[in-house]
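Chains R and F, in that order, are what the protein sequence lines are. 57 is the number of the first residue of the first sequence in the numbering used here; add one for each residue after it. 57 is the number of the first residue of the second sequence in the numbering used here; add one for each residue after it. Virtual Cβ for every residue (Gly too), placed ideally from N, Cα, C. Read the structure below first, then the notes.
Number of protein chains: 2
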Amino acid sequence: MKKLLHCIVFLFALSLGLGAAEIQPVKYVFLFIGDGMSIPQRMSADEYLARTENRTLQMNKMPCQAITTTRSATEFITDSAAAGTAIACGEKTKNGRIGMDTDGKRKLESIADVAKKSGRKVGIVTSVTLNHATPAAFYGKRQSRGMSYELGLDLVSAGFDYYGGGEISRHDDTKNKAYIGDIYDLAAKAGYTVTHDRAGFEKLNASSGKVLAIGAKGALPYAIDRKEGDLTLAEFTAKGIELLDNPKGFFLMVEGGKIDWMCHANDAATVMQEMIDFDQAISVALAFAEKYPEDTLVVVTGDHETGGLTLGFAGTGYKTHIELLAKQTCSSDVFHDKVKALFKQNEKVTFDMVKPVITESFGLQFTDDRKNPMRVKSAEEKELQEAFESMAQDQKKNGKKLVLAALKIFNGKASVGWTTGAHTALPVNTSAIGKNARTFSGMIDNTDIAKKLKEAAR
Amino acid sequence: MKKLLHCIVFLFALSLGLGAAEIQPVKYVFLFIGDGMSIPQRMSADEYLARTENRTLQMNKMPCQAITTTRSATEFITDSAAAGTAIACGEKTKNGRIGMDTDGKRKLESIADVAKKSGRKVGIVTSVTLNHATPAAFYGKRQSRGMSYELGLDLVSAGFDYYGGGEISRHDDTKNKAYIGDIYDLAAKAGYTVTHDRAGFEKLNASSGKVLAIGAKGALPYAIDRKEGDLTLAEFTAKGIELLDNPKGFFLMVEGGKIDWMCHANDAATVMQEMIDFDQAISVALAFAEKYPEDTLVVVTGDHETGGLTLGFAGTGYKTHIELLAKQTCSSDVFHDKVKALFKQNEKVTFDMVKPVITESFGLQFTDDRKNPMRVKSAEEKELQEAFESMAQDQKKNGKKLVLAALKIFNGKASVGWTTGAHTALPVNTSAIGKNARTFSGMIDNTDIAKKLKEAAR
Numbered sequence: 057m058k059k060l061l062h063c064i065v066f067l068f069a070l071s072l073g074l075g076a077a078e079i080q081p082v083k084y085v086f087l088f089i090g091d092g093m094s095i096p097q098r099m100s101a102d103e104y105l106a107r108t109e110n111r112t113l114q115m116n117k118m119p120c121q122a123i124t125t126t127r128s129a130t131e132f133i134t135d136s137a138a139a140g141t142a143i144a145c146g147e148k149t150k151n152g153r154i155g156m157d158t159d160g161k162r163k164l165e166s167i168a169d170v171a172k173k174s175g176r177k178v179g180i181v182t183s184v185t186l187n188h189a190t191p192a193a194f195y196g197k198r199q200s201r202g203m204s205y206e207l208g209l210d211l212v213s214a215g216f217d218y219y220g221g222g223e224i225s226r227h228d229d230t231k232n233k234a235y236i237g238d239i240y241d242l243a244a245k246a247g248y249t250v251t252h253d254r255a256g257f258e259k260l261n262a263s264s265g266k267v268l269a270i271g272a273k274g275a276l277p278y279a280i281d282r283k284e285g286d287l288t289l290a291e292f293t294a295k296g297i298e299l300l301d302n303p304k305g306f307f308l309m310v311e312g313g314k315i316d317w318m319c320h321a322n323d324a325a326t327v328m329q330e331m332i333d334f335d336q337a338i339s340v341a342l343a344f345a346e347k348y349p350e351d352t353l354v355v356v357t358g359d360h361e362t363g364g365l366t367l368g369f370a371g372t373g374y375k376t377h378i379e380l381l382a383k384q385t386c387s388s389d390v391f392h393d394k395v396k397a398l399f400k401q402n403e404k405v406t407f408d409m410v411k412p413v414i415t416e417s418f419g420l421q422f423t424d425d426r427k428n429p430m431r432v433k434s435a436e437e438k439e440l441q442e443a444f445e446s447m448a449q450d451q452k453k454n455g456k457k458l459v460l461a462a463l464k465i466f467n468g469k470a471s472v473g474w475t476t477g478a479h480t481a482l483p484v485n486t487s488a489i490g491k492n493a494r495t496f497s498g499m500i501d502n503t504d505i506a507k508k509l510k511e512a513a514r
Numbered sequence: 057m058k059k060l061l062h063c064i065v066f067l068f069a070l071s072l073g074l075g076a077a078e079i080q081p082v083k084y085v086f087l088f089i090g091d092g093m094s095i096p097q098r099m100s101a102d103e104y105l106a107r108t109e110n111r112t113l114q115m116n117k118m119p120c121q122a123i124t125t126t127r128s129a130t131e132f133i134t135d136s137a138a139a140g141t142a143i144a145c146g147e148k149t150k151n152g153r154i155g156m157d158t159d160g161k162r163k164l165e166s167i168a169d170v171a172k173k174s175g176r177k178v179g180i181v182t183s184v185t186l187n188h189a190t191p192a193a194f195y196g197k198r199q200s201r202g203m204s205y206e207l208g209l210d211l212v213s214a215g216f217d218y219y220g221g222g223e224i225s226r227h228d229d230t231k232n233k234a235y236i237g238d239i240y241d242l243a244a245k246a247g248y249t250v251t252h253d254r255a256g257f258e259k260l261n262a263s264s265g266k267v268l269a270i271g272a273k274g275a276l277p278y279a280i281d282r283k284e285g286d287l288t289l290a291e292f293t294a295k296g297i298e299l300l301d302n303p304k305g306f307f308l309m310v311e312g313g314k315i316d317w318m319c320h321a322n323d324a325a326t327v328m329q330e331m332i333d334f335d336q337a338i339s340v341a342l343a344f345a346e347k348y349p350e351d352t353l354v355v356v357t358g359d360h361e362t363g364g365l366t367l368g369f370a371g372t373g374y375k376t377h378i379e380l381l382a383k384q385t386c387s388s389d390v391f392h393d394k395v396k397a398l399f400k401q402n403e404k405v406t407f408d409m410v411k412p413v414i415t416e417s418f419g420l421q422f423t424d425d426r427k428n429p430m431r432v433k434s435a436e437e438k439e440l441q442e443a444f445e446s447m448a449q450d451q452k453k454n455g456k457k458l459v460l461a462a463l464k465i466f467n468g469k470a471s472v473g474w475t476t477g478a479h480t481a482l483p484v485n486t487s488a489i490g491k492n493a494r495t496f497s498g499m500i501d502n503t504d505i506a507k508k509l510k511e512a513a514r
């Protein structure tokens, strides 16, 4: 009889592992969302990392993987608001909505709301502004992602335990009808410890109470542009664990938000660094999960694909030179700033004056040496020069043309292709490790993530 | 005690379902390979089918899905020979090799070889030529995929029970050093029933012995160009089941080989029809699996992505009009033939004479009606005209320019983008149903497919 009992217990344990409908509560739940991160972004960063540092992404080694469809209620191609709402709340909505249904009438309950109700502490971390679409979907209930100030109000009233990352955009939007004070002041009044720099951040500890930690003006800097002292997503993640750990457990959402931004810009090299940086934040959670394997679930997903990134390019056929992306030394935004600065310094900027900036930023070489893989061919030089000239003629209208031309030529050398500056409908993959991880398998929908996590954090 | 025994038996059954290392033998093993079929191809065809016929692909509904990496031994971007060898034999090799190792010295054992040794019957079906890279990887052992005649010899000497699909290319390659007779004659001498048309095909039955069924000159026609009486991949699959079924079971490989061809051409509409056609062949196996669920394993995979297909396009932003692909009435090959025929008929072909052919083939309208989604804009008309003129000037050199321009404009209207005429390194997905299906989950490598199937067919 005792044996039979043992057998039944074992059976029960096994059935948990089976990925059955039954999802058990988990003390510690982590959700990582790479904005604009789909399979091409994960695969290219893996190969880039293998070639440049002889290692691969931690997220790609997680034992459970599920292909995840992303469509919104209204479109095959979702935006981040509808995708964030699907992942956070488990319901499809119209592009643009935050935590509300398609009609914009019904407020939805997010996994963060459920976790808070359960007694867990809740943290929301992002590399972009804290009231951007993805993080906002976890605490906000608004008809439009554009209602930044109102989402700031929602952030305070949600009363979660830890917010960390970029600033709150339009926090002091005095012209807004809903204005009742600067969001930072309102947060302080509501009992939050509000910090704005590394010194303040470093002082935060388990006795700081509720925390709103702002890491930068705007979003956190791109990893490729990071300067000493800049706070990183991995630090915000580690701080989250420090602040949130308690006997009732926690839910922590961490967004790598700028992968998307540079996919919109078709800047592959900056994307690679953002991906690696995001993976470092994930590694912090994986190390925690290793300590508490029975009590932790780590889920990594993307909200949609951005850019139509492909791991092949017409000009390079079956060859791949993705390691050449390491030649780029700054984001395309910084390159653009450098060129604009030239125009500010000197009214008569010539193409010859811009060439060294192109070389310094992208490693592109204006040389006759045909063996140099970074050589700018004559047709390419013509393309760059024409883009420069149209920029020189009308900076306002054609300001981005030189950046786009340089990126196109640079990406091509690294065998990377893009088809759009918007999102695509390619599914993403969702990875999981820890308790209930096996339920993330096969082909799932982004709404399933919220449904499963709500079960786990109930 | 009896209860304990029941419990243990149940436990054992459960553990099988767990996707553990242990794979049990399966009587009937099906392997479907979509050449050039990765996640974008599967996702776009699903959406296309939903919009045009209000149904979705059977293969996407299969319960188990695994993201599958495809790199070859030498390249991040594989070709079909190395990918076919990986899927068939479970070992990475150099692009170009068929069933041999990277050095081209060691012959590899394929799942088909293993299945034959086990006493199962073996069938190899493809929509392209029977000695093309993918089918050849299951019976051939050659240093280069280009050795068509030699692969034809391997096909006969492998002695599998059923070969069906396109012709054997260079079957009568009298100039080849290895020439010892027409492959068809050699097959007949070796005891094969060789058929070359529908009449012969329809007479085949379980008493026909070993069968070599040729369905067309070259490859089977594209689904979009199919004429009454043309044999289909689904028919070749059903015939396979009819011929191979026996008490010891069988292994049947079916390739949808022309998805790849039209991805190379960036012809999205023809790809959609090939995908749907391939799915119909899969449905034949799924119906069989429903009858013998305990004895059947059906696996569907792709060998690599082709074309850098993306589900979004710069010109259409977040909107998708993939249903417009239904406006295309013939493959781009047939369109090209129509234009060439015009040139043959008339020395002085004008662009105005070509316009109706463009309209008839792609549904593109030369109209001022701005509300017409198929309207050719003036810049697009200029692009078509320039392509036509360069073709008219030098048909040999610029023959494909008009096709490419028409496809680019047409695909753009349907919100589909491509980045290359070659393959890309995007992973594919592998789907499975039936016995051992759960072992296809998470992130696997294409070599894992052969390893698992060899276990299942041992």
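Run of the alpha helix (DSSP H) containing residue i, from where it starts to where it stops
i: Ser516(R); result: Given a span of 57 to 514 for chain R in the structure shown, any question on residue 516(R) remains unanswerable.
i: Val340(R); result: Ala324 to Lys347
i: Phe444(F); result: Ser434 to Gln449
i: Leu365(F); result: From DSSP, Leu365(F) is part of no alpha helix (DSSP H); its letter is neither H nor E.
Residues that residue i contacts on chain R, provided the C-beta gap is smaller than 9 Å
i: Asp135(F); result: Tyr374
Bounding residues of the beta strand (DSSP E) (the contiguous stretch that carries residue i)
i: Ser417(R); result: No beta strand (DSSP E) contains Ser417(R), which is instead part of the alpha helix (DSSP H) from Phe407 to Phe418.
i: Lys177(F); result: Lys177 to Thr182
i: Ala122(R); result: Cys120 to Thr125
i: Val267(F); result: Val267 to Ile270
i: Gly358(F); result: Thr352 to Gly358
Burial state of residue i (16 or more Cβ within 10 Å)
i: Ser213(F); result: exposed
i: Thr423(F); result: exposed
i: Glu206(F); result: buried
i: Ala262(R); result: exposed
i: Asn428(F); result: exposed
i: Pro412(F); result: exposed
Own chain residues within Cβ distance below 7 Å of residue i, not counting five before or after
i: Thr112(F); result: Asp102, Leu105 and Ala106
i: Glu330(R); result: Tyr278, Ala279, Gly312, Lys314, Ile315 and Met318
i: Ala345(R); result: Thr352, Val354, Ile489 and Gly490
i: Ser225(R); result: Thr185, Asn187 and Ser204
i: Phe418(F); result: Lys383, Gln384, Ala462 and Phe466
i: Gly296(F); result: Gly179, Val181, Tyr218, Gly220 and Leu308
i: Glu165(R); result: Cys145
i: Ala470(R); result: Ala324, His377, Ile378, Leu380 and Leu381
Own chain, CB closer than 6 Å to residue i, minus 5 neighbours either side, in chain order
i: Ala473(R); result: For the record, residue 473(R) in the displayed sequence is Gly; it is not Ala. Excluding residues within five positions, the ones whose Cβ falls inside 6 Å are Thr366 and Phe369.
Contacts that residue i makes with chain F (C-beta to C-beta distance below 9 Å)
i: Ser497(R); result: Gly75, Cys120, Gln121, Ala122, Arg494, Ser497 and Gly498
i: Glu103(R); result: Arg127, Phe132 and Ala481
Between the CA atoms of residue j and residue i - distance to the nearest angstrom
i: Lys173(R); j: Pro303(R); result: 15 Å
i: Gly477(F); j: Glu258(F); result: 38 Å
i: Gly146(F); j: Ala137(F); result: 13 Å
i: Asp286(F); j: Glu109(F); result: 23 Å
i: Asp408(R); j: Asp450(R); result: 18 Å
i: Leu260(R); j: Ser434(R); result: 56 Å
i: Arg127(R); j: Val484(R); result: 11 Å
Partners in chain R for residue i, counting only beta-carbon separations shorter than 8 Å
i: Thr249(F); result: Simply none; closest approach about 39 Å.
i: Glu223(F); result: Residues of chain R passing the Cβ test: none, with the nearest at roughly 27 Å.
Interface residues of chain R facing residue i [CB-CB closer than 7 Å]
i: Met99(F); result: Ala481, Leu482 and Pro483
i: Gly368(F); result: Ile133, Gly364, Thr475, Thr476, Ala478, His479, Thr480 and Ala481
Same chain, Cβ closer than 8 Å to residue i, five either side skipped, listed in chain order
i: Ala512(F); result: Ile79, Gln80, Pro81, Val82, Val85, Leu353, Lys491 and Asn492
i: Thr158(R); result: Ala129, Thr130, Lys148, Thr149 and Lys150
Chain F contact residues for residue i, given Cβ-Cβ distances below 7 Å
i: Asn116(R); result: Met499
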